[in-house]
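Notes to accompany the following structure.
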Ligand code: FAD
Ligand code: SIN
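In the working numbering, the protein residues as written are 451 to 980.
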């Protein structure tokens, strides 16, 4: 049995930076429901370390930030989007200030740190735990707002579309989502005039990722199944410096460590490795360059990791800038004030996603999207550090404003069919989920990683195709669980990534293939149409 239909004006899937930004603006006049898988703080937002890029210093300019973004994105970015987001940054930071985010100061000014690919210091931050401060401030404001209902532990399964209407209207609209209540095990129908997808990235499709457990690309997969285009899914960002530790597998060491002077060293010889790859920009080259350099060193010398060393700075400097990382590492027996940190690259950010316009509209009427689940044109072939929280604020706000402006034109939802569980039973083989999940993630890491070849991509495609019927068969016969929902989405995203990678016959930004090492003159998006 499905739970009773619940109706709000706007449904938001995701309680990270994008979802809550949209919710707070919409709640000025509309009733908003925000759903989150697991806890309300389970998305990537709470994990962000480095900060938020914004032109706030007198010596910096929008033009420079735009240029840095386009250089990192290898020209695949959409200039209008880049301008829209970067020029929207100061207002976004002001709003966060008003919400009480305690950004670090340097006397009367904000303290600005530096990260790879940025030609200026322009990252506002709260020590090395910016995301937690932002998430907490947004959540507090949302909890205090009587027009916002926050429901954690709701795992959305699929968008509600025309085919779920009692009487099919042919409108092709999205009317909300079916969600598994993770506490009761029942499937609920959440119906609304407007739906915003803010469900984050697909990082967990890879074996090693800095992203939290729930980053399984649910938003991208749901939108794709409902009929929306996705773009540039091959552009998966690998962060150069994830902690190498046998116990803790996904702890990020912020790029700001390099921004504040950290060196990348060969762990045996102590050689500063970036000298051999990008002697001009060294450790502050864009992420794709640094991640490939480390990957090359690890493979060439048979290493497990390389060293990131900032111990030449004073202990006071290190602990003042990086209190969270310092403490976490001390707990693992590593003192970054006196010695190096072992690091490896790991998946970090999904640059591709659901295609949206400047108004955050997707292809589907009734569906808007914002944040890491989207491809807005901002990041192109590689995201510039600390541009993604910014994108969440700007597009979360854009989605809200567009919904408010078009409210009178949005039709009221029709009667929707409840979730049908009459033909499924409880699973008796949970091992299938674990096996497939592990297989996909390992295969993506080995065959669709930092350096690619057509042969490896084809192998991956073959495996993914084989798994498709097994997963769909399982999904068709057994009652949904969050693990099953995630496996289905993870598999869908893996397929989209590999298909996109096979379509790109060049190396550009994050997509580096030995079979097509050159970059084409014209930059073209990889757009997949359902
Ligand atoms: P998220 O914050 O990931 O939130 C996703 C939401 O969707 C969650 O509430 C989740 O529960 C919900 N959800 C997912 N699936 C479902 C479902 N099926 N049903 C219901 N709800 C669902 N970016 C920067 O700009 N600066 C940084 O310093 C920075 N540091 C980072 C450090 C780390 C370790 C990581 C992993 C990322 C970092 N990023 C940084 C990237 C940035 O944090 C993310 O891109 C951004 O927070 C994404 O926000 P979002 O709102 O799109 O999604
Ligand atoms: C970091 O702190 O290195 C992450 C910044 C980002 O992903 O933008």
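Glycine residues also receive a C-beta, built at the ideal position from the N, C-alpha and C atoms.
Coarse secondary structure for residue i, derived from DSSP in three states
i: residue 626; result: strand
i: residue 664; result: coil
i: residue 618; result: coil
i: residue 451; result: Unreliable positioning characterises residue 451 in this predicted model, as indicated by a pLDDT of 44, which lies under 50. A coordinate reading is not provided.
i: residue 825; result: strand
i: residue 638; result: strand
i: residue 574; result: strand
i: residue 973; result: coil
i: residue 803; result: strand
i: residue 458; result: strand
i: residue 563; result: strand
i: residue 608; result: strand
i: residue 916; result: helix
i: residue 490; result: coil
i: residue 531; result: helix
i: residue 469; result: helix
i: residue 693; result: strand
i: residue 866; result: strand
i: residue 680; result: strand
i: residue 856; result: coil
i: residue 832; result: coil
i: residue 764; result: coil
i: residue 588; result: helix
i: residue 949; result: helix
i: residue 731; result: coil
i: residue 779; result: helix
Distance CB(residue i)-CB(residue j) smaller than 8 Å
i: residue 849; j: residue 810; result: yes
i: residue 577; j: residue 769; result: no
i: residue 950; j: residue 802; result: yes
i: residue 806; j: residue 826; result: yes
i: residue 795; j: residue 688; result: yes
i: residue 615; j: residue 629; result: no
i: residue 584; j: residue 546; result: yes
i: residue 476; j: residue 808; result: no
i: residue 557; j: residue 829; result: no
i: residue 503; j: residue 573; result: yes
i: residue 686; j: residue 800; result: yes
i: residue 703; j: residue 691; result: yes
i: residue 948; j: residue 911; result: yes
i: residue 792; j: residue 897; result: no
i: residue 519; j: residue 536; result: yes
i: residue 863; j: residue 677; result: no
i: residue 607; j: residue 935; result: yes
i: residue 496; j: residue 567; result: no
i: residue 491; j: residue 846; result: no
i: residue 938; j: residue 921; result: yes
Burial state of residue i (16 or more Cβ within 10 Å)
i: residue 725; result: exposed
i: residue 682; result: buried
i: residue 454; result: The pLDDT assigned to residue 454 is 46, lower than 50, so where the model puts this residue is not dependable, and the model offers no usable value.
i: residue 926; result: exposed
i: residue 865; result: exposed
i: residue 507; result: exposed
i: residue 908; result: exposed
i: residue 906; result: buried
i: residue 653; result: buried
i: residue 881; result: exposed
i: residue 461; result: buried
i: residue 696; result: exposed
Nearest-angstrom Cβ-Cβ length linking residue i and residue j, presumed shorter than 8 Å
i: residue 716; j: residue 747; result: 7 Å
i: residue 500; j: residue 565; result: 6 Å
i: residue 710; j: residue 771; result: 6 Å
i: residue 816; j: residue 624; result: 4 Å
i: residue 493; j: residue 662; result: 7 Å
i: residue 860; j: residue 643; result: 4 Å
i: residue 441; j: residue 667; result: Summary: the structure shown does not reach residue 441, with the chain confined to residues 451 through 980, and so no result is reported for it.
i: residue 714; j: residue 722; result: 7 Å
Residues sharing a beta bridge with residue i, DSSP
i: residue 687; result: 799
i: residue 758; result: 714, 791
i: residue 961; result: 958
i: residue 819; result: 647
i: residue 477; result: In the DSSP output, where bridge partners are listed per residue, residue 477 has none listed.
i: residue 502; result: 574
i: residue 875; result: 928
i: residue 484; result: 462, 600
i: residue 556; result: 559
i: residue 631; result: 604
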